[in-house]
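Numbers given in this note's numbering equal positions in the sequence shown, counted from 1, plus 27.
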Amino acid sequence: MNFHDKKEIPPKYIYLFLALICFILLFFSVIFESRFSPLKAVTSAIITPMQSGINEVGTSIYNRVTNTKEKEVLLSENKELQAKLDEYSAQIKVYEQESYELNRLQELLKLQEQYTDFRTVGARVIATDSTNWFSTFVIDKGKDDGVQVGCNILAGNGLAGIVTEVGTNYSKVRAIIDDNSSVSASISGTETLCTVTGDLSSIKEGYINIGYINKSDTIEEGAELVTSHVSSKFLPGILIGYITEVEMDANNLTKSAKCIPVVDFNNLQEVLVVLDLKADYHTDSVNKNIYDNITNTEETSENNTSEGNSEDLPSTEEGTDRTEENTDEEDTRETSQPQEEGSSEGGSSEESSSEEGSSSEETP
């Protein structure tokens, strides 16, 4: 038998036939509901599990499709939100940095207000040495800004260091914690003098060393330590730190102590450069710890010149008067001397003439 000779029934007729059977069964189930109840129970027992399974599969597929679409939407929204969050985070960081910098500048301004007698300029630290401490560092101000070698550097609440080298637009600074640093200091409100020496090994523990304190001086814990009037490089009255742990030295002649600096040498970003040098100051004879206002070198020289000229005038006149008096006395002496010489000569001539006369008189 040749299977190719069979006629194939189109699928649509099969669908129509099945639909017709279903319709007939549905019709008889409604008309003869009581008679088809056993059959209905059998079909329900068979079809209901299949239907519930199909429903679960359909629901699962629908949920997955819906979840996939929602996931794609959520992922897209998440990317947008993440981009906005990154942008806002970057802005927040900028604001935080600006706020932090503003706080530092406000502290620097407060420090400037504490030393209003000084001419100052702000500077930024642009380089430091290889250590974690700012024992030596470079700032972005130089000769063009009026900075000179010997200018004091302030930071935090007090003294940070001194300028050791100056370029056109930069300067090198040696901090007071450097091993080569030595500052003549005094205890605020007293006449006690001492010396603050830098020590990088000590600053790691949070202090710098103080030495050469007179053993008879009474030092209170927490006393303020300021730059001394006898210092040749540092301006007077600048806060250095607070004294702690005062001990008697082994020689039993001096005391030593520790100083907690007011400057955070682990983090320096902005500093205040004092443009005035110690040479521009002169002490007040009444109180050595109080200094007069700044006197520029040119003004000082001009004042000294004018004062010198005014003082020289009376002395010149007096000298002239004295010279004239001396000249008159010398002229008088010179005039009197020839007269005395003339009188002596006249006397000798008179004596000779009298002798001649006597001889002539004796001759006849």
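Think of the CB as a built atom: it goes at the ideal place given N, C-alpha and C, for glycine as much as any other residue.
This one's a predicted model, so the numbers in the text were calculated from it and none came from an experiment.
What's the C-alpha gap between residue i and residue j?
| i | j | result |
| --- | --- | --- |
| Ile166 | Val193 | 10 Å |
| Ser198 | Leu101 | 57 Å |
| Val10 | Asp144 | Outside the shown range of the chain, which is 28 to 391, sits residue 10, and nothing can be said about it. |
| Ser213 | Ile265 | 10 Å |
| Asn320 | Ile189 | Note that Asn320 scores 38 on pLDDT, short of 50, meaning its location in the model is unreliable and no value can be drawn from it. |
| Tyr42 | Val57 | 22 Å |
| Lys170 | Gln133 | 26 Å |
| Val289 | Thr271 | 13 Å |
| Glu345 | Asp307 | Because Glu345 carries a pLDDT of 40, less than 50, the predicted location of this residue cannot be relied on, and no value is offered for it. |
| Ala151 | Asn130 | Sequence inspection shows Arg at residue 151; the Ala mentioned does not correspond to that position. If I take the Cα positions, the gap works out to 15 Å. |
| Asp311 | Leu227 | Any answer about Asp311 is weak, because its pLDDT of 49 lies below 50 and its placement is not dependable; what the coordinates show is given next. So the two alpha carbons sit approximately 36 Å from each other. |
| Asn196 | Gln124 | 26 Å |
| Ser243 | Ala277 | 15 Å |
| Ser333 | Val300 | Reliability fails at Ser333, whose pLDDT of 47 lies under 50, so the model's placement of it is uncertain and the value that follows must be treated cautiously. Spanning the two alpha carbons is a distance of roughly 32 Å. |
| Val174 | Lys305 | 13 Å |
| Glu218 | Ser211 | 13 Å |
| Lys39 | Leu47 | 12 Å |
| Asp52 | Phe59 | The sequence shown places Leu at residue 52, not Asp. Computed Cα separation, rounded: 10 Å. |
| Arg149 | Ala187 | The residue you asked about is not Arg; residue 149 is Gly in the sequence shown. In a straight line, the C-alpha of Gly149 is about 13 Å away from that of Ala187. |
| Glu104 | Ser87 | 25 Å |
| Thr245 | Gln296 | 37 Å |
| Lys96 | Lys106 | 15 Å |
Could you check where the beta strand (DSSP E) with residue i kicks off and where it finishes?
| i | result |
| --- | --- |
| Val298 | 297-301 |
| Cys221 | 220-224 |
| Ser211 | 209-214 |
| Gly183 | That residue, Gly183, is in no beta strand (DSSP E); it is neither H nor E in DSSP. |
| Asn236 | 235-241 |
| Lys199 | 198-202 |
| Pro288 | 281-288 |
| Ile267 | 266-275 |
| Ile166 | 163-166 |
| Glu248 | Counting along the chain, Glu248 falls outside any beta strand (DSSP E), and DSSP gives it neither H nor E. |
| Thr155 | 147-155 |
Measure the CB-CB distance between residue i and residue j and report whether it falls below 7 Å.
| i | j | result |
| --- | --- | --- |
| Leu262 | Cys286 | no |
| Ile267 | Gly185 | yes |
| Ile204 | Gly225 | yes |
| Val257 | Ile180 | no |
| Gln139 | Thr147 | yes |
| Thr155 | Phe164 | yes |
Which whole-angstrom value describes the C-beta separation of residue i and residue j, a residue pair presumed to lie in contact below a C-beta threshold of 8 Å?
| i | j | result |
| --- | --- | --- |
| Asp303 | Gly183 | Contact flag wrong, Cβ pair sits at about 20 Å. |
| Ser255 | Ala202 | Their Cβ separation, rounded to whole angstroms, is 18 Å, which puts Ser255 and Ala202 out of contact at 8 Å. |
| Ile240 | Ala284 | 7 Å |
| Gly238 | Thr222 | 5 Å |
Could you check where the alpha helix (DSSP H) with residue i kicks off and where it finishes?
| i | result |
| --- | --- |
| Ser229 | 227-230 |
Practice task
Scan the segment 48-112 and note each continuous beta strand (DSSP E) run of 3 residues or more that stays entirely inside, going in chain order.
Solution key: You should have found no qualifying run.
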